[in-house]
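Numbering (my numbering), first residue to last: 64 to 106.
Beta carbons: idealized from backbone N, C-alpha and C, even for Gly.
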């Protein structure tokens, strides 16, 4: 239950944690055609 609470508190913090946890996420967003429509959500 901690994850939804953290996301509700600040999606920017959750996003920063996700980007730090998955350093290739930015590259995957550029390369993967399935993720491309969601790229603005991660920027």
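Check                                                                                                               : Outcome
Other residues of its chain near residue 93: CB distance less than 8 Å, five sequence neighbours each side excluded : 99, 102
Inter-residue Cα distance where the pair is residue 87 and residue 81                                               : 10 Å
CA-to-CA distance, residue 89 to residue 95, given in whole angstroms                                               : 10 Å
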